[in-house]
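Student: Numbering of the sequence shown is given in this note's numbering, commencing with residue 4 and proceeding in unit increments. Using N, Cα and C, we set each Cβ at its ideal position, and we do this for glycine too. Since we're looking at a predicted model, the values are computed, not measured.
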Amino acid sequence: MADISQTLKEQILQARQTGQKLNIEGGGTKAFMGRAADTDAGTLKLAEHTGIVEYHPVELILTARAGTSLAEIEATLAEEGQCLHFEPPRFGDGSTLGGTLACNLSGPARPWSGSVRDQVLGIRLLNGRGEHLRFGGQVMKNVAGYDTSRLQAGAMGTLGAITEISLKVMPKPAMSLTLVQDMPMDDVIHYMNSRAKEPKPITGAAWVDGKVYLRLAGAKSAVEATAKKWTGEVMEQGDQFWQQLQHMQHDFFAGDEPLWRFSVGSTAANPDLDGPWLIDWAGSQRWYRGEADIARLETMAKRAGGQVSLFRGGDRTDEVMHHQPRALKEIQQRLKKSFDPDGIFNPGRLYSWL
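Below, the structure is given as structure tokens:
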């Protein structure tokens with residue numbers, strides 16, 4: 004694998020010398036995210052930079068190269084009764100660990116188990132100077148460069164090419180079940196937040212098609228006791244529902260209409276938009292399908308205490324991420340300049356000005 008790292012480094016140095024831009028590509032399953040890629044840029048491929056470097060089940064730590072598939076990692080963890088608690092979505096067999104961090108993707112358990120950003124302990128990164136840098140470590144108390152590792156979450160490769168990631172893993176819960184019941188959207192925000200406040204083993208709260216779904220997971224005694232106390236029917240195919248939600252395979256996500264992601268305050272009233280909705284994360288993440296003006300949606304998102312982005316479909320030549328205030332824009336541009344002084348990596352993928 005050292006030869007692959009060297010090859011990547013040489014390609015970066017060559018691009019810097021010639022002024023060529025580079026689109027970073029892993030498994031290619033997230034090409035639909037962000038703004039449209041620069042068609043004139045070359046490709047820095049990490050798909051062959053694979054393999055689990057270290058895995059310590061007792062210490063709950065795994066280190067893998069960025070091109071390692073999520074399927075391989077999850078299969079290895081399953082042998083030890085462990086898992087990735089942030090439930091990363093897989094958009095195909097080629098979904099990689101590096102792409103998951105770069106796009107900051109987490110599944111239904113996000114409010115209770117944390118995000119991929121929260122699980123990262125350290126990374127290795129090739130910057131725009133061709134330097135192979137290490138940030139963070141393999142333990143939580145090692146804080147040297149820890150925030151730098153977290154900066155990669157959601158940067159979509161604009162700060163460099165992630166080559167290796169160390170992160171926390173967790174034991175699988177002993178038991179899991181899902182309660183489902185009919186409920187109108189007007190009532191579900193208050194209901195989910197009320198349940199989420201209780202000291203119970205809840206790991207999922209979602210609403211779609213007029214039904215609310217609550218997932219309980221943990222010790223068998225705690226799960227069964229809570230299920231008896233709360234309303235709702237036990238769902239026979241509960242695990243299947245959450246897997247479809249995690250990997251965005253639910254019928255709600257099918258079709259060509261633009262898919263908008265609202266990240267808002269969990270208790271905020273739902274934006275006044277006609278059309279299909281799916282509410283996840285006990286109200287903090289809300290998906291909307293339909294044609295809409297992003298400026299109008301940003302106003303609604305701000306009113307709800309958050310942001311909105313065009314996740315899939317629609318016009319991807321324009322901005323797809325929420326408008327950033329001037330101060331944050333300047334900080335991001337300075338970070339870009341520090342990591343990638345010549346603007347080689349993923350030009351315009353996150354914002355037109357980055």
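1) Do you know offhand how far Lys-332's Cα is from Gln-310's?
2) Taking the alpha-carbon positions, what's the Thr-21 to Phe-255 distance?
3) For Arg-315, I'd like the list of residues in its chain whose CB is within less than 6 Å of its CB, leaving aside the five on either flank, ordered along the chain.
4) Return the chain-ordered list of same chain residues with a C-beta closer than 6 Å to the C-beta of Ile-282, the five sequence neighbours on each side being excluded.
5) Tell me whether the beta-carbon of Ser-109 lies closer than 8 Å to the beta-carbon of Ser-72.
6) So, under 8 Å CB-CB, Leu-154 and Leu-338 are touching, yes? Tell me the CB distance rounded to an integer number of Å.
7) Roughly how many whole angstroms lie between the Cα atoms of Glu-51 and Arg-38?
8) Please classify Thr-21: does DSSP put it in a helix, a strand, or coil?
9) Enumerate in chain order the residues of its own chain whose CB-to-CB distance from Arg-120 is below 7 Å, with the five nearest sequence positions on each side excluded.
10) If I follow the unbroken beta strand (DSSP E) through Asp-283, where does it start and stop?
11) Between Asp-345 and Glu-322, what straight-line distance do the alpha-carbon atoms span, to the nearest angstrom?
12) What distance in whole Å lies between the Cβ atoms of Ala-69 and Thr-151, which are believed to be in contact at a cut-off of 8 Å?
13) Three or more C-beta pairs under 8 Å: does that hold for the region 85-101 against the region 178-193?
14) Measure the C-alpha to C-alpha separation of Gly-84 and Glu-294 and round it to an integer number of angstroms.
15) Among Ala-220, Thr-10, Pro-111 and Glu-260, which residue has its Cα nearest to the Cα of Gly-317?
16) Count the other CB atoms, across all protein chains shown, that sit within 10 Å of the CB of Leu-355; report buried if there are 16 or more and exposed otherwise.
17) Could I get the ranges of all uninterrupted alpha helix (DSSP H) runs contained in the region 22-96, with 4 residues as the minimum, in chain order?
18) Who are the near neighbours of Gln-249 in its chain, counting only those whose CB is closer than 7 Å to its CB and skipping five residues on each side?
19) Do you know how far the Cα of His-59 is from the Cα of Arg-319?
20) Confirm, please, whether the CB-CB distance from Ile-168 to Leu-80 is below 8 Å.
21) Taking 8 Å as the cut-off, decide whether the C-beta atoms of Leu-219 and Ala-208 are in contact.
22) Given that a residue counts as buried once 16 or more other Cβ atoms are within 10 Å of its Cβ, and exposed if not, what is Ser-341?
23) According to DSSP, simplified to helix, strand and coil, what is Lys-144?
Tutor: Let's see:
1) 15 Å
2) 45 Å
3) Phe-35 and Leu-262
4) Trp-210 and Arg-289
5) no
6) 7 Å
7) 25 Å
8) helix
9) Closer than 7 Å at the Cβ level, and outside the excluded window around Arg-120, lie Asn-107, Arg-153 and Ala-156.
10) 280-283
11) 22 Å
12) Actually they do not touch by this definition, with Cβ atoms about 16 Å apart.
13) No: fewer than three Cβ pairs fall under 8 Å.
14) So the alpha carbons of these two residues sit roughly 43 Å apart.
15) Glu-260
16) In the sequence as displayed, the identity of residue 355 is Ser instead of Leu. With fewer than 16 other CB atoms across the displayed protein chains lying within 10 angstroms of its CB, Ser-355 is exposed.
17) 73-81
18) If we look at Gln-249 and ignore the five residues flanking it on each side, its Cβ neighbours are Glu-90, Pro-92, Gly-110 and Pro-111.
19) A direct Cα-to-Cα measurement between Arg-319 and His-59 gives close to 41 Å.
20) no
21) no
22) exposed
23) Confidence in Lys-144 is poor, its pLDDT being 46 and thus under 50, which makes the residue's placement unreliable; the coordinate value appears in the next sentence. Of the three classes helix, strand and coil, the one that applies to Lys-144 here is coil, per DSSP.
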